[in-house]
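Residues -8 to 374, numbered by this note's numbering, are exactly what the sequence shown covers, in order. Idealized CB from N, CA, C, for every residue including glycine. In this text the structure is predicted, and so the values were computed from the model without any measurement.
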Amino acid sequence: MEWSVPIGTVRGTVIRLHLTFLLFLGWIGVSHYAQGGVQAALSGIVFIVLLFVCVLLHELGHVFAARRYGIQTPDVTLLPIGGVAQLERIPEKPSEELVVALAGPAVNLVIALALTLILGGLPSPESGTQVQNPAVSLLGRLAWVNVTLAVFNLIPAFPMDGGRVLRAMLAYRLGYGRATKIAAGVGQAVAFALGLAGLFGNPMLLFIALFVYMGASAEASAVDVRERSRTLTVSDAAVTRFEVLSPTSSVEEAVEHLLRTSQHDFPVVDGGGRMRGVLTRDDMIRALRERGPDAPVLEVMRRDIPVVDEGRPLEEALRLMQAGTLPAVGIVARGGRLVGLVTPENVGELMMVQAARPTPRSAPPPAPPAPPGDSRFVNPWAR
Ligand SMILES: [Zn+2]
-8 MEWSVPIGTV RGTVIRLHLT FLLFLGWIGV SHYAQGGVQA ALSGIVFIVL
42 LFVCVLLHEL GHVFAARRYG IQTPDVTLLP IGGVAQLERI PEKPSEELVV
92 ALAGPAVNLV IALALTLILG GLPSPESGTQ VQNPAVSLLG RLAWVNVTLA
142 VFNLIPAFPM DGGRVLRAML AYRLGYGRAT KIAAGVGQAV AFALGLAGLF
192 GNPMLLFIAL FVYMGASAEA SAVDVRERSR TLTVSDAAVT RFEVLSPTSS
242 VEEAVEHLLR TSQHDFPVVD GGGRMRGVLT RDDMIRALRE RGPDAPVLEV
292 MRRDIPVVDE GRPLEEALRL MQAGTLPAVG IVARGGRLVG LVTPENVGEL
342 MMVQAARPTP RSAPPPAPPA PPGDSRFVNP WAR
């Protein structure tokens, strides 16, 4: 995310602070100073910092739950409206998504419980209604804010955790696509209600409404693209005109191909038309450096390139490309002859063309994995 600075790393996950968060802290300091001097400004800032430690712990709840299913989280960003944990992917099984989504709010409930125990009883209701009032116990206010965080995040609407809980529960019966559409629709309705409340009351709600609306729309369109990809076959997306290398080619010959064409990944195809592997531009550069121009392509190419039969759903190739970082997937005709290549670039172009067309009406078959851009756990907080 742009405009953010790394402030630390927790077990391989980089914690980033968005610069607008520092502006927000400054604003809190100044507005409190105007009301009650240095003392009030300091206590306001301390409260917000502690609040954000709770938001961070909430995000780490998602991060560690996801790790249980082998999903890493490269970074967590803290924004004035909450935290965003960028997961590599969303778990495929509804049961796993449920656990990952619930882990965040669960952390806040545990913090609230711990604070209640420290305080030796339930904090007074004023600490819940006057969270910015420095005269009220700091720990009491923090306990209530954690309850609010948990409840707010469990609103069953995207992009809140509750939206994911709702989708996971619907996905058991309806499949991922329809479940997402319903959860996103609920999200937009909630955004509308929040926006209306914001117009007549707290303007902060308008801001949150906008955020919820955008999150729900993004989720719906990501799933839309996925559904479109299901109505297409690998042949629709394949590049069919491309240069190939023979198993006896040297790296030098490959470099000549590279310079002569606009292609940068070359399938190595034998006399029977079968693909033996793919030589990428990076492979060529590495081979030139380590082995010299005479190295046979057969020894330096990538061998882990899967093939899909022509006519299969495009989704199958997308899933393969997503699972490994593959430069391409081979498309083969009956008998195993290579007839096309699907690459991340040409799928991207195809999706842009498709997005301009109306939505297909057919009901989608069940549960594909989410694309990487979909994997967001978002956690706005309300005041
Ligand atoms: Zn969350």
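According to the DSSP assignment, P(-3) belongs to the beta strand (DSSP E) that extends over S(-5) to V1. Rounded to the nearest angstrom, the gap between the Cα atoms of E340 and T0 is 36 Å. When Cβ pairs closer than 8 Å are counted between the two stretches, the stretch 101 to 111 is seen not to touch the stretch 71 to 87, the count staying below three. Note on G28: under 16 other CB atoms within 10 angstroms of its CB, so exposed under the neighbour-count rule. For the pair A200 and A175, the CB atoms are not nearer than the 7 Å cut-off. Looking from the CA of V101, the closest CA among E88, P85 and V138 belongs to V138.
Between V320 and L311, the C-beta gap is smaller than 7 Å, which places the two residues in contact. Just so you know, the alpha carbons of V230 and G331 end up roughly 5 Å apart. Between A103 and the set L42, V259, T239 and F257, the nearest pair of CA atoms involves L42. The bridge partners DSSP lists for P304 are T224. For the pair A184 and F198, the Cα-to-Cα distance works out to about 13 Å. Shortest gap from the CB of D152 to any heavy atom of ligand 1: under 6 Å. Residues A56 of the same chain have their beta carbon placed closer than 6 Å to that of V90, with the five preceding and five following residues left out of the count.
When secondary structure is reduced to three states using DSSP, L317 falls in the coil class, being assigned neither helix nor strand.
Where G95 is concerned, the enclosing alpha helix (DSSP H) starts and stops at P85 to L110. For V235, there is no enclosing alpha helix (DSSP H), as DSSP gives it neither H nor E. Its Cα nearest to that of D256, the residue P335 stands out among P85, P335, F191 and W(-6).
Straight-line measurement puts the Cα of T171 at about 15 Å from the Cα of S86. Taking C-beta separations shorter than 8 Å and ignoring five residues to either side along the sequence, the partners of S22 in its chain run G35, following chain order. About 5 Å separates the beta carbon of V338 from that of A228, a gap short enough to meet the 8 Å contact definition. Under DSSP, T252 forms no beta bridge with any residue. A distance below 7 Å separates the beta carbons of V291 and D274. Shortest gap from the CB of N144 to any heavy atom of ligand 1: under 6 Å.
Exposed is the label assigned to E234, since fewer than 16 other Cβ atoms lie within 10 Å of its Cβ. Taken atom to atom, the span from the alpha-carbon of P287 to that of P258 is near 14 Å. Distance between G186 and A308, taken at the CA atoms: about 41 Å.
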